[in-house]
Each structure stands twice: as structure tokens, then as C-alpha cells.
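Engineer: Below you will find the structure I want to go over with you.
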Amino acid sequence: MGRDPRYDILFEPIAIGPVTARNRFYQVPHCNGMGYRYPRATAAMRAMKAEGGWSVVCTEECEIHPSGDVSPHVEARLWDDRDIPIQAAMAAAVHEHGALAGVELAHNGLSAGNLYSREVPLAPSHNVVLGSQRDPVQARAMDRSDIRAFRRWHREAALRARRAGFDIVYVYAGHNLTLPMHFLSRRFNRRTDEYGGSLENRVRLLRELIEETKEAVGDTCAVAVRFAVDELLGASGIECEGEGREVVEILAELPDLWDVNLSEWDNDSQTSRFAKEGYQEPFVAFVKRITSKPVVGVGRFTSPDAMVGQVRRGVLDFIGAARPSIADPFLPKKVEEGRLEDIRECIGCNICVSGDFRHVPIRCTQNPTMGEEWRRGWHPERIAPKRTDDAVLVVGAGPAGLECARALGRRGYPVTLAEARQDLGGRVTDESGLPGLAEWARVRDYREQQLLQLPSVEVYRASRMTASDVLELGAARVVLAVGSRWRRDGVGHEQSEPIPIGAGARVFTPEDIVARGAVPGPVLVFDDDHYYLGGVIAQMLRDRGLDVTLVTPAVQVSHWTHNTMEQYRVQSRLMTSGVHIVVRHNLVGIEDGSVRLECGYTHRAVIRACESVVLVTSRLPEEDLYQDLQASQVALDRAGIRTVDRIGDCLAPSTIAAAVYAGHRYAQCLDEPQCEGGGFRREMPGLDNFSA
Ligand code: ADP
Ligand code: SF4
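Shown next as C-alpha cells:
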């Protein structure tokens, strides 16, 4: 089936200065936790997007000088000529598939603590270094010679970028991260010279950088500006109705392309819990009315109709994507080939972001091959054919079982997928019914849809398997993906022993809440899990009118969601909706009608009245079926069962991303000798001897 003519407009070539993009699908710069440390992995990941049809594929932010070193984050680097071969490998890999390669040159100014280089950080005016770590470090005010030096570094980096083969060179004034943005900002620029004061003066540095980059490389490379048109800070920040608009008016025709978004990164890449597809339109729509240059913007676009709407309504020329291109590097190809049902839609969970935040390679909930392209040779759309005719029984159709059956089916193995419930999806089905998590159902929906296309996979719903059922079926390979259950005894991160629970106390787990919807109030939610679920359940119970207290041993609620850039929004929404929040307290006893809390600092006890307690602490794997099967090797042999494996939460409970990965890995590795030992290729690049 070919492309639907409705989407033809998305495949028009667009000129960007001296270069031309083959269509309107544009992978904007995005971090990935690999950068200079794993350059082959980065190049292979970017190449996959080019192969999947994106017309422009950009780097992550690319440091131009040791004085703008964002360690411990791992980004791209063009500090000097020795970095060129590393970046050239990425550009060449992208070119191989007919896409343009873009590089986002960045000097992180007062957002760079320079923890590796130990240079003194630079800023328009004296200022503390920004960042969630609140490093006890200050940046010094740049004098005119510093500004001249910075402009020279930027120009030299642009020349290196061209030598590396890039087609698009960015000047980056976004995400509150870089010197040109810090100079623009009234909060950070308190200068009294020609670079401070009026907007005309504060924009001077950005203008000079654009002009100098164009002068240096503009004859062959397009010069793009990435600019945050609004910081969502009201009058104290850049606003799209105020200085954001004025900056675009002042510089309108100067760059070859405007890449516009919101600042900071947590506003730009909001999760589906807090923002829906296209959420940036009200902020960026003005840009195209001011400039004749092409405009790219983002908004977690996964629907081709929404994309066409953006173009037809004159909001954007290019459909920018970071996360949708991570979840499905082949999204453009699928639209082109009329295979919309094959699109693996981003669920907006920001697990991808957590890789960069934790300084490890990117992972994606929807796309288990993300970050594995080079080291494991995994491809998001292709997988090796089966090596044997072994039949496989997959028990449990949560994210692990669904992905396992899907990928095995793609290999051609005969697969039986048995699920106890009528609905597939396991925890994803349960959790996607909770407030804000509806898009998480895409993990199930994509796989359920794919299974329909796989002739060798048979799905049995409402089929709870016992050990004798498994033996009777006698598949050579048995994979258990039967999940986990939340603990009822309160053991979690802080609490290593079961919490004493008195007679008559009403204690519930998240599964109880999903099943019942509500419990008698007042209710106390004890979150010793620290990811999303405690906060989501507290929110849901509060939305149902209950008096809710959320208690956590951490210093803030849903502490780990800092890594998905949601923590601020989670806590502010809970507080504004009237949930009482008690931080840095442990739950040490539960009685009928009250709980005993203990302060994490003073260990002083506090008694608090409540009718119900919800324990969101940790989970136990479902092990019964595995143990029943292990009970008799003779029975397994007699049934012809050669292997019994566990994957996902029933082996060790973890994230949905980990469950999908476990399912995929089983399928990739079945009968594949190179997988033995779980090995993957390692890279430790040297600057002076790098070759792709
Ligand atoms: P994971 O995240 O590891 O995929 P889930 O808890 O999401 O785990 O999914 C496990 C699935 O396994 C659930 O849908 C559950 O109904 C199913 N399941 C559990 N035990 C059995 C069984 N004995 N037979 C069939 N399905 C089962
Ligand atoms: Fe989307 Fe989540 Fe994948 Fe990131 S990790 S691309 S947010 S599905």
C-alpha cells in the first residue's frame, strides 16, 4: 500500500539556505547520554533515523570549548580538531541514508560547572552556576575580550563542523542553557555595556554569532537558530508575547532556519501526563508570520494528520521530533508507505530523558532497540529469521510477554501467547486507566496491532496457565512473563523490614486501588517506591474527593521523576489540588484508624489519624508457576520442554521499559550463539586513534 495523498505535503522537499531537505520530517537535536563517550553508538543511532526517512538528523548539543563543559552529562564535543573524526563518523552515517546532518554548537556558559575541564565558568554577569545539583560554583562576568574569544571559538567550531561534513550548523539560544540565551536574559545579563540593557544590546551576541557563522560556513552550510520563544516564567522571563517575539522580529531573515521551542527542557519535553500532542503551538505559531525562513517546532507529534495540520495552518514548515523519532526511527517511512498502523507511538514517559540525566546511554520504553544499534546490532524494524522450528509458549501478555511474542513472531517462530485476563497489556492496561497515563496504553496497542499481522503467533485470552497446562502444551521453549504484585507489608527503599500492621487496619496496594477506585478516607499514601505511581494514586484519590496525605521518606514526592523532568509538576499539582504532603518521614506502624510516622532527621514519632493506608513501596515477582514447573525436571523432559525462562517483572520488577527490553532481548537471543553470556560490543574511543 502506498502513501495516502493527504500526506503528500509532508514529503515536499524544503530548501534551508544552501541545502535542501528531502521532506518535512526533522529530527531536532536531542541528548542521549552517549555523546563523546560512545560515538559509534551515537552514529549508529542517528543513522537509523536517517534510514527511517527523517530528512534532517541532528546531534545532541555539541560543546565548543572546555569552558562550556557540562560534565557529568555526556554530550557531543568539537573542542578541537581531534574531535572532528568522531563527529565526521556521525555525519557520514547520516549521509549514507540520504539525510542532512545538523550540529548544535553550544557553549553552556553559566549552565556549565566545568567539572571535568576545571575552567572558570563564563556568564554575562557574575552569577551562580545553574543546575539542579546547585554546585557551589560561580561563573564570572565576561569582559569584552572574553566575548571576542567566545565568538572566535564559535567560529572555529563552525569551521570544524563543516570539515566534519555537517550540512546544518546551529547557533543555540535555547533551554536556558547557552551563552547567547544567557546574554538575552534579563535575569542573567546585568551588563551596562553594548551587550547589556536594551533588548537590542542583549541580542547583539546572538546576532554576531549568526553573522559570523554564516560568514564562516554559510556558503555551503545552512545556519539554524534554536531559540526558546517562551520560558513560561511570565514577565520575568522571555515571553512569546513580549521579548520572544521581538527577538524573532529583530533577527527574522538572518538565519536560514528557525528551530523554536519552549524553555527549559522540562517545558520543551513535557510528559504526556501533563501535555498533549501539539502543546507548543500556542507559543510558536507567531514565528512563521514574522519570517520567510523555514520554521521547525516540536510537540510530540506522532499523528500524520496533526503534522499535516501544522503545515496547512501555517504553524510549522518542518515537523520537528526528538521523542517520536526515538520511539519510532522509521515513522516517516511508515507514513510514506501507508503503514500508519505500524507506527510505534511515543508514550511521553521521558524514560529516554532519564538516560541523559543519569549519564548512561538512552533507553526508550517503546523502542527497545534504541541505544543498542551499534553495540548489539539491533534494528528497530528488522530481526534475524528463526534458526530452529522450536515452538515457544509465552505466558503473560504484559509489556514483556507482548514484546517477546511480537519479536519472536517477526522471526517466524511458532508462538502461543497465553494471557489470564481478557484484556492484554498487564500492568500497562491497569496503569493507563490512572489519571494522566492514558497514552501509556500505546505500549499495548502497538504490539496488539502487530500481533494481528503475524501468522505464526496465536493469542489466547482468558487463559490462566497452570503448570499442568504448560506441560500439556509441551512447547520446546517456555517463557514466563507473568509479572509481579505490590507488597502488602511496606518493604521498600527506606523500609527494609515489614511494617507492623495492627488488627483491623485497612491497608491497600495499588492493585486494590485500581480494582476498587476508592477507599474509605481520610487516606494516607505511603510512597517508598519514589517513581510515578504513589503520586498518581494520591492524585486520583484526591480527584475523587478524599482527604489524602502523601508521606514519603524522600525529600520530595515522586523523587525519581526528577529524572523524567516531571517532579516539579507532580508536586505542584498535588499541592494545588489539596493533597497534604509529608516529606522525609518513614511509616513505622499502622493501626486501625491511625499510623505512626518517624522523622528521617530526628527520629521523632508522629501519630496521624487515617482510615486507609495505601502502600506503594516495592513489588514481589510472581514465582508460583515457575516453581511449580521447576518441581519436576522429569515432567519437563517428558513434555519435551527444553527451556523455561522468566522475563520482565516476574524475574525482577522494574520499569515498563525494562520489561519491553527483556521481552525483546529474549526474542533477539533465542538460538543466537552471539548472545551467549549476554555480551555486547564495548567501545572506549581514544581521541587520537578514533576510526569509525
Ligand atoms: P511485565 O511488566 O513483566 O510484562 P505484567 O504484570 O505487566 O508484567 O504482565 C503480566 C501478565 O501476565 C498479566 O497480564 C497477567 O494477567 C498475566 N499472567 C499472570 N499469571 C498468568 C498465568 N498463569 N497465565 C497466563 N497469564 C498470566
Ligand atoms: Fe517516548 Fe518514552 Fe520512548 Fe521517550 S522513552 S521516546 S518519552 S516512549
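With positions in the sequence shown counted from 1, the corresponding number in my numbering is that position plus 83. No residue lacks a Cβ here, since even glycine has one placed at the ideal position from N, Cα and C.
1) If you draw a straight line from the alpha carbon of residue 428 to that of residue 437, how long is it in whole angstroms?
2) At which residues does the beta strand (DSSP E) containing residue 635 begin and terminate?
3) Which residues in the same chain as residue 557 place their Cβ atom closer than 6 Å to its Cβ, once the five residues preceding and following it in sequence are excluded?
4) Please report the distance separating the alpha-carbon of residue 340 from that of residue 373.
5) State the CB to CB distance for the pair residue 561 and residue 476, rounded to an integer number of angstroms; the pair is presumed to be in contact (CB under 8 Å).
6) In angstroms with no decimal places, state the Cα-to-Cα distance between residue 770 and residue 198.
7) Assuming residue 738 and residue 402 make a contact with CB atoms under 8 Å, what is their CB distance in whole Å?
8) Label residue 155 either buried or exposed according to how many other C-beta atoms from any shown protein chain fall within 10 Å of its C-beta, with 16 as the threshold for buried.
9) Any contact of the segment 631 to 641 with the segment 650 to 665, i.e. 3+ C-beta pairs under 8 Å?
10) Do residue 409 and residue 445 have their CB atoms nearer than 8 Å?
11) Does the count of Cβ pairs from the segment 592 to 605 and the segment 732 to 746 closer than 8 Å reach three?
12) On the three-state DSSP scale, how would you describe residue 708?
13) May I ask which residues mark the beginning and end of the beta strand (DSSP E) holding residue 256?
14) Would you check if there are 3 or more beta carbon pairs closer than 8 Å linking the segment 139 to 146 to the segment 109 to 120?
15) Quick one, which of 225, 193 and 237 has its alpha-carbon nearest residue 219's?
16) Return the chain-ordered list of same chain residues with a C-beta closer than 7 Å to the C-beta of residue 720, the five sequence neighbours on each side being excluded.
17) Determine the contact status of residue 727 and residue 703, defining contact as a CB-CB distance below 8 Å.
18) Which residues in the same chain have their Cβ closer than 7 Å to the Cβ of residue 375, if we skip the five residues on either side of it in sequence?
19) Compute the beta-carbon to beta-carbon distance between residue 122 and residue 172, rounded to the nearest angstrom, for a pair I have assumed lies under 8 Å.
20) Please list, in chain order, all residues of the same chain as residue 353 whose beta carbon is under 6 Å from its beta carbon, the five residues on each side excluded.
21) Give me the Cα-Cα distance between residue 569 and residue 606, rounded to the nearest whole angstrom.
22) If you reduce the DSSP assignment to three classes, tell me which class residue 54 lands in.
23) Under 8 Å: do the segment 513 to 521 and the segment 671 to 686 share three or more Cβ pairs, one atom per stretch?
24) Could you round the C-beta distance between residue 776 and residue 526 to whole angstroms and report it? I think they count as a contact, below 8 Å.
25) Taking only runs that begin and end inside the segment 265 to 299, name each unbroken alpha helix (DSSP H) of 4 or more residues, in chain order.
26) Which stretch, first to last residue, makes up the beta strand (DSSP E) that contains residue 308?
27) Is any non-hydrogen atom of ligand 2 found closer than 7 Å to the C-beta of residue 448, if you look at the structure I gave you?
28) Please indicate yes or no: does the CB of residue 516 lie closer than 7 Å to some heavy atom of ligand 1?
29) Which class does residue 647 belong to by DSSP, given the choice of helix, strand or coil?
30) Between the segment 571 to 579 and the segment 489 to 504, are three or more C-beta pairs nearer than 8 Å?
31) Roughly how many angstroms separate the alpha carbons of residue 369 and residue 344, rounded to a whole number?
32) Please report the straight-line C-alpha distance between residue 415 and residue 188, rounded to a whole angstrom.
33) Going by C-alpha to C-alpha distance, which of 751, 697 and 614 sits closest to residue 492?
34) If we ignore side chains and look at the alpha-carbon of each, how far apart do residue 653 and residue 202 end up?
35) Can you tell me which residues form a DSSP beta bridge with residue 561?
36) Exposed or buried, which one is residue 128 when buried takes at least 16 other CB atoms within 10 Å?
Structural biologist: In terms of the structure at hand:
1) Looking up residue 428 in the sequence shown gives position 345. Looking up residue 437 in the sequence shown gives position 354. C-alpha separation (whole angstroms): 19 Å.
2) Counting from one through the sequence shown, the residue named residue 635 turns up at place 552. First-last of the beta strand (DSSP E) with residue 635: 631 to 635.
3) For the purposes of this step, residue 557 is taken as residue 474 along the sequence shown, with counting starting at 1. Hits under 6 Å: 722 and 723.
4) Your numbering for residue 340 matches position 257 in the sequence shown. Your numbering for residue 373 matches position 290 in the sequence shown. Those two C-alpha atoms are separated by around 13 Å.
5) Here residue 561 refers to the residue found at position 478 when the sequence shown is read from its first residue. Here residue 476 refers to the residue found at position 393 when the sequence shown is read from its first residue. Residue 561 to residue 476, Cβ: 5 Å. Contact.
6) By one-based count along the sequence shown, residue 770 stands at place 687. By one-based count along the sequence shown, residue 198 stands at place 115. The straight-line gap from Cα to Cα measures roughly 19 Å.
7) Here residue 738 is taken as the residue at index 655 of the sequence shown, counted from 1. Here residue 402 is taken as the residue at index 319 of the sequence shown, counted from 1. No, residue 738 and residue 402 are not in contact; Cβ-Cβ is about 28 Å, not under 8 Å.
8) As a first step, residue 155 must be located in the sequence shown, where it is residue number 72. Exposed, because fewer than 16 other Cβ atoms sit within 10 Å of the Cβ of residue 155.
9) yes
10) As a position in the sequence shown, residue 409 is number 326, starting the count at 1. As a position in the sequence shown, residue 445 is number 362, starting the count at 1. Between residue 409 and residue 445, the C-beta gap is smaller than 8 Å, which places the two residues in contact.
11) The count of Cβ pairs closer than 8 Å, one atom from the segment 592 to 605 and one from the segment 732 to 746, stays below three, leaving the stretches out of contact.
12) Translated into the one-based positions of the sequence shown, residue 708 becomes position 625. In this structure, residue 708 counts as helix in the three-state DSSP scheme.
13) Here residue 256 corresponds to residue number 173 of the sequence shown, with the count starting at 1. Taken as a continuous stretch (DSSP letters only), the beta strand (DSSP E) holding residue 256 covers 251 to 256.
14) yes
15) Walking along the sequence shown from the start, residue 219 turns up at place 136. Measuring from the Cα of residue 219, the nearest candidate turns out to be 193.
16) Taking the first residue of the sequence shown as position 1, residue 720 is located at position 637. Closer than 7 Å at the Cβ level, and outside the excluded window around residue 720, lies no residue.
17) Along the sequence shown, read from residue 1 onward, the residue named residue 727 stands at position 644. Along the sequence shown, read from residue 1 onward, the residue named residue 703 stands at position 620. No, Cβ-Cβ distance for residue 727 and residue 703 is not below 8 Å.
18) Stepping through the sequence shown from its first residue, residue 375 is reached at position 292. The answer, listed in chain order, is 336.
19) As a working note, residue 122 is residue 39 in the sequence shown. As a working note, residue 172 is residue 89 in the sequence shown. Contact holds; Cβ gap of about 6 Å.
20) Taking the sequence shown and counting its residues from 1, one reaches residue 353 at position 270. So no residue of the chain qualifies.
21) As a working mapping, residue 569 is identified with position 486 in the sequence shown. As a working mapping, residue 606 is identified with position 523 in the sequence shown. Rounded to whole angstroms, residue 569 to residue 606 spans 18 Å at the Cα level.
22) Since the first residue shown for the chain is 84 and the last is 775, residue 54 is missing from the structure and cannot be characterised.
23) no
24) The question about residue 776 has no answer, for the chain in this structure spans 84 to 775.
25) Those alpha helix (DSSP H) runs which fall completely within the segment 265 to 299 and span 4+ residues are 282 to 285.
26) Sequence index remark: in the sequence shown, residue 308 carries index 225 (1-based). Residue 308 -> beta strand (DSSP E) spans 305 to 313.
27) For the purposes of this step, residue 448 is taken as residue 365 along the sequence shown, with counting starting at 1. Within the cutoff, so yes.
28) Indexing the sequence shown from 1 puts residue 516 at position 433. The answer is no for residue 516.
29) Stepping through the sequence shown from its first residue, residue 647 is reached at position 564. Annotated three-state conformation of residue 647 is helix, per DSSP.
30) Proximity of the segment 571 to 579 to the segment 489 to 504 falls short of the contact definition, fewer than three beta-carbon pairs being nearer than 8 Å.
31) Numbered from its first residue, the sequence shown carries residue 369 at position 286. Numbered from its first residue, the sequence shown carries residue 344 at position 261. Whole-angstrom Cα-Cα distance: 12 Å.
32) Along the sequence shown, one-based indexing puts residue 415 at 332. Along the sequence shown, one-based indexing puts residue 188 at 105. The straight-line gap from Cα to Cα measures roughly 26 Å.
33) Within the sequence shown, the letter at position 409 stands for residue 492. The candidate whose alpha carbon is nearest that of residue 492 is 751.
34) Position 570 of the sequence shown, counted from the first residue, corresponds to residue 653. Position 119 of the sequence shown, counted from the first residue, corresponds to residue 202. About 36 Å.
35) Looking up residue 561 in the sequence shown gives position 478. According to the DSSP secondary-structure assignment, residue 561 is paired through a beta bridge with 476 and 727.
36) Sequence index remark: in the sequence shown, residue 128 carries index 45 (1-based). Classification for residue 128: buried.
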